[in-house]
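So the structure is just underneath, and the comments pick up after that.
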Amino acid sequence: MSRPGDYDAVRKDIIAQLKKPDYDDGSAGPVFVRLAWHSAGTYDLETDTGGSNGAGMRYEAEGGDPPTPASSTAGPSSSPSRRNTPGSHTPICSPRGRLPDAAQGAEHLRAVFYRMGFNDQEIVALAGGHNLGRCHIDRSGFQGPWVNNPTRFSNQFFKLLLKLDWKPKTLPNGVSQFVYVDPDAEEGDEPLMMLPTDIALKTDPAFRVWVEKYADDKDLFFDHFAKAFAKLMELGIKRDENDRVINADNVKGGYISAPKKSNHPTGPAKGAQGGCPVAASQGGCPRAKL
């Protein structure tokens, strides 16, 4: 059990959970990156609500939001670090529906990310998180990895987005994405994929400028990603002159406590039809961007 504020112990707990030989590509790292993004990506600059403060991703009201498919897997994986960290903030959860819908286009991305205080360059830089991990049809409704080595951070996402011939494909669940069919692929090889929001980065002129820059210059991308991701993680966090978090939980923005999430996966049963569980009842499925 770590002491409140012992972040070195928290880091060690997280590192201990990273290696997962039987999960996806052998690492839970990409899922943790996605969880961190989904936790912070609920921020609204105008009302100063949402964001990382309160670690609301631990609770069903936020972690169970349909655009957060990774929660069904990494929630239990991260349970040891949660249980060993008694000094977490008071549980607070932002309103649902603030994360991007990956089936949309450029203006939708701008509406979501401008709400958090990001500009076009930062939107494209953060999209580079798709160098890590993959989509799962039973969680986000999409299927497949973006790059060939989804556990190594690089600028390959941007290179492939520009270089390859991406064709639209409708999955068995009715969801549309883009795939590259390699003519030299061997039987059993998994095709690479792109989300509609990814393709929008290439077709929108203002976004494409940065896609091209990052495809050509890995160091520039790494620098811009680090700054944009650090900004993302700090959304909703206030610090004093000693760098201590000074947020007053449950005071501003109408946050409410929520039931704790299950320590066990709660995604669809094996063999169940993929897609969003709220699609039928709410007229469409908001899906994860990152």
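Its first residue numbered 4, the sequence shown is counted upward by one per residue in the numbering used here. Using N, Cα and C, we set each Cβ at its ideal position, and we do this for glycine too.
Legend entry - Where Thr-173 falls, given that 16 or more other Cβ within 10 Å makes a residue buried: exposed
Inset, instruction - Can you grab the Cα-Cα spacing for the pair Lys-166 / Asp-246, in whole Å? - result: 43 Å
Inset, instruction - Round the Cβ separation of Asn-158 and Phe-224 to the nearest angstrom and send it over; I've been treating them as touching at under 8 Å. - result: 5 Å
Inset, instruction - With DSSP as the reference, label Ser-42 as helix, strand or coil. - result: helix
Legend entry - Length of the line joining the Cα atoms of Lys-216 and Glu-110: 21 Å
Inset, instruction - Have a look at the DSSP bridge pairing and note the partners of Tyr-26. - result: In DSSP, Tyr-26 forms no bridge with anything.
Inset, instruction - Label Asn-56 either buried or exposed according to how many other C-beta atoms from any shown protein chain fall within 10 Å of its C-beta, with 16 as the threshold for buried. - result: buried
Legend entry - Beta-carbon proximity list for Asp-27, same chain, < 7 Å, skipping 5 on both sides: Arg-137
Inset, instruction - Report the three-state DSSP secondary structure of Leu-195 (helix, strand or coil). - result: strand
Legend entry - Rounded straight-line distance, which links the Cα of Ala-128 to that of Val-115: 15 Å
Inset, instruction - Count the other CB atoms, across all protein chains shown, that sit within 10 Å of the CB of Glu-193; report buried if there are 16 or more and exposed otherwise. - result: exposed
Inset, instruction - Out of Lys-23, Asp-25, Gly-32, Pro-24, state which residue places its alpha-carbon closest to the alpha-carbon of Arg-3. - result: Residue 3 is absent from the structure shown; the chain starts at 4 and stops at 293.
Inset, instruction - Look at the alpha carbon of Ile-140 and the alpha carbon of Glu-244, and state the distance between them as a whole number of angstroms. - result: 45 Å
Legend entry - Buried or exposed by the 16-neighbour rule on C-beta atoms within 10 Å, applied to Val-214: buried
Inset, instruction - Starting from the C-beta of Ile-249, find all residues in its chain whose C-beta is less than 8 Å away, skip the five residues before and the five after it, and write them out in chain order. - result: Lys-241, Arg-242, Asp-243
Inset, instruction - Just the C-alpha distance for Lys-234 and Lys-162, rounded to the nearest angstrom, thanks. - result: 25 Å
Legend entry - Backbone CA spacing between Lys-263 and Ser-42 [nearest angstrom]: Any reading at Lys-263 must be qualified, since the residue scores a pLDDT of 49, below 50, and its modelled position is unreliable; the value itself is stated next. Approximately 15 Å, taken between the alpha carbons.
Inset, instruction - Count the other C-beta atoms from every protein chain shown that fall within 10 angstroms of the C-beta of Val-212, then say buried if there are 16 or more, exposed otherwise. - result: exposed
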